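The structure appears below as structure tokens.
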Amino acid sequence: MPDHSTVARTADDEAMTRYTRPKNLRLVGIVVGVVALLIVIFGIASRLWGDHNVSTWTDDQAIPTVKLVGLQGQSDGRNLVLPGNVQAYNSAQIFARVSGYLKKWYVDIGAPVKAGQLLAQIDIPDQDQQLLQAEADLNTAIANQKLSAVTAKRWNDLLKVQAVAPQDVDEKNGDLAAKTAAVASARANVDRLKSLVGFERVTAPFDGVVTSRGIDVGALVPVGAPGDTPLFTVTDQTKLRIYVNVPQTYGAELKPGMTATFTVPEFPNRVFKASLSSQANAVTAQSGTFLVQLQADNVDGALKPGAYAQVKFDLPASSTAVEVPASALIFGVDGMQAATVGPNGRVVMKQLKIGHDYGTTVEVLAGLSVKDKVIDNPPDSLRQGDPVRVAQK
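Residues 38 to 430 in my numbering are what the sequence shown lists, from first letter to last.
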């Protein structure tokens, strides 16, 4: 008969070993799985979003920020300012025509003179003696001619009655012709010496001002030669010439008769007027410029020959040209260009046709309009179609 205690222990062991599945274990597993999946998805999403932000920031930093410049039209015309050289309308360096010693001078630098006025006198005693000798030779030649004329007349009268031979008469007539030629020669020599003696008086060739005196009393005066110092320089300062070297590109715009203004350093607040009288019509190969000549009145004598002047020409405006700062230009293998910003915020490179160069700005004849957004100081790496960001003012 089985023991009751043994039976009871066996039942308990079976009860303990029997496994009962919890009712909500499946739900808990599903929740844990979903949470784990969400954690993985969130981590991946966070990583992707971070990478996207880094990429976006990098792309934003790669887009250059540019500054735009304003363009100006030429509705008010253009000013061309160039250096000029002021010269007297007439200027003459006076040299001696005969050698001698300066006896006296009568005018000094700065003195106004009239045409024909005596400036100095040269002492030439030997030439005076030559004139006296030439006059004496002329008188001798005249006396010989008169005697030969009387003799020839007598022989011609004798020939009429056939008292002399024709051969002798021809000789007397020939002697008269020779004596007449001698008189003419002697008279020409006297006139020549009188002209030379007249050069003892140094006179002014025209009304003007003495601007230099290069001789003193008692000094030997040589006959003037190239490179010698002139005795005097006389200039007519009532009217002046202004010479300006103009760049070749303005050749078609400067015409005789147009008016220009100029200033000189000694009168910085005074503006003088001049008219363009002529131009050289030839370009200097070394400088690429052509010479123009202007004329200006100087009745009050304020302007001085040899002065430096700043000459301003008022040129007509161009209806299509615009002025662009030189800092906005790009010079490359394709020529002169400018970088502009298009409607979509991308770079549009435009080919330019340059007119005149004003230094800080240049004249663009074609390729741009005042409405274009031109980039100032464009980077060298900028290319057609590149995105750019415009800096806010």
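Just so you know, even glycine gets a beta-carbon here, dropped at the ideal spot from N, CA and C. None of these values were measured; they are calculated from a predicted model.
- Linking Ala358 to Glu400 through their CA atoms gives a straight-line distance of about 6 Å.
- According to the DSSP secondary-structure assignment, Tyr138 is paired through a beta bridge with Asp160 and Leu257.
- Gly392 sits away from Arg426, with the two beta carbons spaced by 9 Å or more.
- With contacts defined by Cβ atoms closer than 9 Å, Phe327 and Val320 form a contacting pair.
- The Cβ-Cβ distance between Gly251 and Pro263 does not fall below 9 Å.
- Asp228: member of the alpha helix (DSSP H) spanning Pro203 to Gly235, first to last residue.
- In the three-state reduction of the DSSP assignment, Ile67 falls in the helix class.
- With respect to the 9 Å criterion, Phe243 and Ala157 are not classified as neighbours on the basis of their beta carbons.
- Classified as buried, Ser185 has 16 or more neighbouring CB atoms from the shown chains inside 10 Å of its CB.
- In its chain, beyond the 5 residues on either side, Leu108, Ala375, Thr398, Val399, Val401, Leu405 and Val411 have a beta carbon closer than 7 Å to the beta carbon of Val361.
- In this structure Val254 is not in contact with Leu119, their Cβ atoms being roughly 45 Å apart against a cut-off of 8 Å.
- Residue Gln124 holds the alpha-carbon nearest to the alpha-carbon of Ala333 among Gln124, Val68 and Asn116.
- If you draw a straight line from the Cα of Val198 to the Cα of Asp174, it is about 37 Å long.
- Collapsing the DSSP output to three states places Gly107 in coil.
- A contact between stretches requires three or more CB pairs, one per stretch, nearer than 8 Å, and the segment 144-151 fails this requirement with the segment 290-300.
- Scanning the segment 288-370 for uninterrupted beta strand (DSSP E) segments of 3 residues or longer gives 296-301, 304-321, 326-334, 345-352, 359-362 and 366-369, listed from N- to C-terminal end.
- In the structure shown, Asp413 adopts extended strand secondary structure according to DSSP, grouped into three states.
- DSSP lists Thr270 as the bridge partner or partners of Ser249.
- Assignment of beta-bridge partners to Arg383 by DSSP yields Pro424.
- Annotated three-state conformation of Ile78 is helix, per DSSP.
- Burial state of Thr272 is buried, judged by a 10 Å Cβ sphere holding 16 or more other Cβ atoms.
- Here the alpha carbon of Ala152 sits roughly 12 Å from the alpha carbon of Val247.
- Between Ala363 and Asp394, the gap from beta carbon to beta carbon is short of 9 Å.
- Boundaries of the beta strand (DSSP E) around Lys390: Lys390 to Asp394.
- Taking the C-beta atoms as reference points, Val283 is found nearer than 9 Å to Gln316.
- Cβ-Cβ distances below 8 Å link Val201 to Trp192 and Leu195 in the same chain, with the five nearest sequence neighbours on each side left out; the list follows chain order.
- By the CB criterion at 9 Å, Val384 and Arg420 fall inside the cutoff.
- Residue state for Thr377 is assigned as strand, using DSSP reduced to three classes.
- Taking C-beta separations shorter than 7 Å and ignoring five residues to either side along the sequence, the partners of Gly372 in its chain run Gln388, following chain order.
- By the Cβ neighbour-count rule, Arg278 is buried, with 16 or more other Cβ atoms within 10 Å of its own.
- One Cα belongs to Asp205, the other to Ala219, and the distance between them is close to 21 Å.
- DSSP, read as helix, strand or coil, puts Thr397 in coil.
- In the three-state scheme derived from DSSP, where H, G and I count as helix and E and B as strand, Ser185 is classed as helix.
- Residue state for Lys151 is assigned as coil, using DSSP reduced to three classes.
- Per DSSP, the beta bridge partners of Val283 are Phe327.
- In terms of Cβ geometry, Leu352 and Gln330 do not form a close pair [threshold 9 Å].
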